[in-house]
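Reading through the structure tokens given below for one structure.
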Amino acid sequence: MLERFGHGGDLLTAQELFGHGADHFIDFSANMNPFGPPTCVADLLGRYMDVIRHYPDPAVRALRSKLALHHGVSDSSILVGNGAAELIDLVFRLLHPTHTVLAQPCFVEYGDAAVKSGSSIRAIELQAEQEFRLTKQLVRDKLALLREEGVESGEAIWFFGSPNNPTGKLIDPSLVHDLLLEGERVVVDEAFMDFVPEEHTYSLAKAAADHERLLVIRSMTKFYAIPGIRLGYVIGSPEMIARLQYFQIPWSVNSLAQGIGEAVLEDQEYAASTLRFVAEERCWLSGQLLAIGLTVHESAANYLLVSIPPGRGWTAGLLQRALGSRGILIRDASRFEGLDNCYCRIAVRLREDNAALLQALTSLLGSDCAAEGKA
Ligand SMILES: Cc1ncc(COP(=O)(O)O)c(C=O)c1O
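Okay, so the sequence shown: first residue is 1 according to UniProt numbering, each after it adds one.
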């Protein structure tokens, strides 16, 4: 199984499973910017030998300042971490909730980190018929249920992704403000928010800096295509950020990551062309996937949740294997709580790669799955 370690983008597992060299896959299973890292990253790597003899800045001052400027918040409202993954874990270790409300399907690390911190999971089940949207009604019903069970305000954490992975849906910010008014604690993972042209309407980053019960987590690894570097940050009130910092491992963010973070934030042309390209290409790819008979869910991010209609015996797992042996990786999304074995997740890549995926899908889905297995 490609998701042996729980995530997409695992090229070594793909190599073991499908026999191609790790560098020879077209990878739709991890949601990275298809442009690859900005060119400034290669320049920095060349100069890095001079830097590694020193410890990194333990307070990540320069990058924090740039991020603060970028979001219009104060430096003391930002904590940088070793990827958003570190910060998800850190948030649970600090907040230590009795209950965690998740809108499922969602990124598996939310549930894993919650359970590791001793929390129970209280799921809101998002419905395919409602396009997997988190509605105010679903939130109100869950809140009423928790109150009936004697869960007091502020005892639970509501942890949402916006855009949510794997559905690509944004969360209505007013829904989060309603929860805050009820005295609840909310964490919003905006790992893919940089891909959203209407970020200013949907992001809660600025709001988090002014509210002691709201935290926003961001990742820099997806938008800047640097998942091997590990870089993310959390925005919150200065008091919350100071408490999180207390729990963080010293020098968690190495100097290369800090330097790359500072440099990529300067590249506004890269950001603007990514936003333009991803919106247009997602629209094209989604139209093509629909045309070959797949059900495609509307997404605000750089990936699409797709389901395979029943009929010819294909499941996401079987399709993943058949594509994998052709050197193409997709995510089997049936491993997300709340999705069945028809669901896959596909990243938006460059046109040439997307066309190769479509060609392979057309030939596979046009054939009977059992016949394909024998071929
Ligand atoms: C929704 C979501 N949040 C956070 C992360 C972790 O991101 P990072 O690479 O910054 O640790 C991922 C990674 O796939 C993700 O999908």
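Backbone N, C-alpha and C define an ideal beta-carbon position, used for all residues, glycine too.
With DSSP run on the structure shown, which of helix, strand or coil describes Arg312?
-> Sequence index remark: in the sequence shown, residue 312 carries index 312 (1-based). Coil, per DSSP.
Is it right to say Met1 is buried, meaning 16 or more other beta carbons lie within 10 angstroms of its own, or is it exposed?
-> The residue you call residue 1 lines up with position 1 of the sequence shown. So Met1 ends up on the exposed side.
Considering only C-alpha positions, which residue in the set Phe28, Ala257 and Leu146 is nearest to Leu305?
-> Numbered from its first residue, the sequence shown carries residue 305 at position 305. Ranking Phe28, Ala257 and Leu146 by Cα distance to Leu305 puts Phe28 first.
From Leu285, Arg335, Asp340 and Ala144, pick the residue whose C-alpha is nearest to that of Glu182; which is it?
-> As a first step, residue 182 is located in the sequence shown; it is residue number 182 there, counting from the start. When each option's Cα is compared against that of Glu182, the closest is Ala144.
If Phe160 and Val188 are in contact, beta carbons under 8 Å, what's the gap, nearest whole angstrom?
-> As a first step, residue 160 is located in the sequence shown; it is residue number 160 there, counting from the start. As a first step, residue 188 is located in the sequence shown; it is residue number 188 there, counting from the start. So it is a contact: roughly 5 Å between Cβ atoms.
Starting from Leu12 and walking both ways along the alpha helix (DSSP H), at which residues does that stretch end?
-> Within the sequence shown, the letter at position 12 stands for residue 12. From DSSP, the alpha helix (DSSP H) with Leu12 extends over Leu11 to Phe18.
Just curious, the beta strand (DSSP E) that Glu155 is in, first and last residue?
-> Locating residue 155 in the sequence shown gives position 155, where the first residue counts as 1. Glu155 -> no beta strand (DSSP E), and no H or E assigned at all.
Counting only the same chain and skipping the five closest in sequence on each side, list residues whose C-beta sits under 8 Å from that of Ala356.
-> As a working mapping, residue 356 is identified with position 356 in the sequence shown. If we look at Ala356 and ignore the five residues flanking it on each side, its Cβ neighbours are Ile26 and Ile328.
Would you check whether ligand 1 has a heavy atom nearer than 6 Å to the C-beta of Ser219?
-> Within the sequence shown, the letter at position 219 stands for residue 219. Yes, the Cβ of Ser219 comes within 6 Å of a heavy atom of ligand 1.
Does any heavy atom of ligand 1 sit closer than 6 Å to the C-beta of Pro227?
-> Taking the sequence shown and counting its residues from 1, one reaches residue 227 at position 227. Checking every heavy atom of ligand 1 against the Cβ of Pro227, one is found closer than 6 Å.
Got a sec: does ligand 1 put a non-hydrogen atom nearer than 6 Å to the Cβ of Ala191?
-> As a first step, residue 191 must be located in the sequence shown, where it is residue number 191. Checking every heavy atom of ligand 1 against the Cβ of Ala191, one is found closer than 6 Å.
Less than 6 Å between the CB of Gly232 and some heavy atom of ligand 1, yes or no?
-> Numbered from 1 along the sequence shown, position 232 holds the residue referred to as residue 232. Yes, the Cβ of Gly232 comes within 6 Å of a heavy atom of ligand 1.
Cβ atoms of Leu361 and Ile292: under 7 Å apart, would you say?
-> In the sequence shown, counting from the first residue as 1, residue 292 sits at position 292. In the sequence shown, counting from the first residue as 1, residue 361 sits at position 361. Cβ distance < 7 Å, so Ile292 and Leu361 count as in contact.
Say yes only if the C-beta of Ala322 is nearer than 6 Å to one or more non-hydrogen atoms of ligand 1, and no if none qualify.
-> Counting from 1 along the sequence shown, the entry for residue 322 is found at position 322. For ligand 1, not one heavy atom lies less than 6 Å from the Cβ of Ala322.
Can you give, in chain order, each stretch of the alpha helix (DSSP H) that sits fully within the stretch 182–247 and has at least 4 residues?
-> Qualifying alpha helix (DSSP H) stretches, in chain order: 199–202, 205–209 and 238–247.
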